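Worksheet for the structure shown next.
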Amino acid sequence: MKILSEWLTQRTENAPTAEHRKLAPMAALRIRMAWQKLKAQAGEEDEVWPFANPSNTWKKLGKHTGYAIVRKGKIVQSVTVTSSE
3 MKILSEWLTQ
13 RTENAPTAEH
23 RKLAPMAALR
33 IRMAWQKLKA
43 QAGEEDEVWP
53 FANPSNTWKK
63 LGKHTGYAIV
73 RKGKIVQSVT
83 VTSSE
């Protein structure tokens, strides 16, 4: 799935914790591992942003959240960590 820049929420430096506390431990671990893998691939000038597609797209696309590497204002890589279709 193509991640749109409008889906980006807020630049982050820290591993996800608070937003995934209500998930089962294995699901939360999987999300942290996906974030760490993506963060390790980010270059010095890259930014890591969480994303969530807007609610008006859920009927067509399902609900998706994840993280994206942004380089010079463009999304160059992403990982979806939660998905409900």
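According to my numbering, the stretch in the sequence shown is residues 3 to 87, in order.
We treat Cβ as the ideally placed atom computed from N, Cα and C, and that holds for glycine.
Given the structure is predicted, the values throughout are model-derived calculations rather than measurements.
Using a Cβ-Cβ distance under 9 Å, would residue i count as near chain D?
i	result
R34	Protein chains in the displayed structure number just one, and chain D is not present.
Here's a check: name, in chain order, each residue in its chain whose Cβ is nearer than 8 Å to the Cβ of residue i, leaving out the five neighbours to either side.
i	result
M3	L63, H66, T82
Run through DSSP, which three-state label would residue i get?
i	result
I77	strand
L27	Per the sequence shown, the amino acid found at residue 27 is Pro instead of Leu. Residue state, collapsed to three classes: helix.
I33	helix
Going by the beta-carbon positions, is the gap between residue i and residue j smaller than 9 Å?
i	j	result
K76	E47	no
S57	Y69	no
V50	E8	no
Looking at the secondary structure, which residues open and close the alpha helix (DSSP H) in which residue i lies?
i	result
A44	Premise fails: A44 is in no alpha helix (DSSP H) and is neither H nor E.
L63	60-63
Here's a check: name, in chain order, each residue in its chain whose Cβ is nearer than 6 Å to the Cβ of residue i, leaving out the five neighbours to either side.
i	result
T84	T67
L10	W51, F53
Cα separation between residue i and residue j?
i	j	result
M28	T59	28 Å
L1	S86	With the chain covering only 3 through 87, there is no way to say anything about residue 1.
I71	R32	18 Å
R34	L6	22 Å
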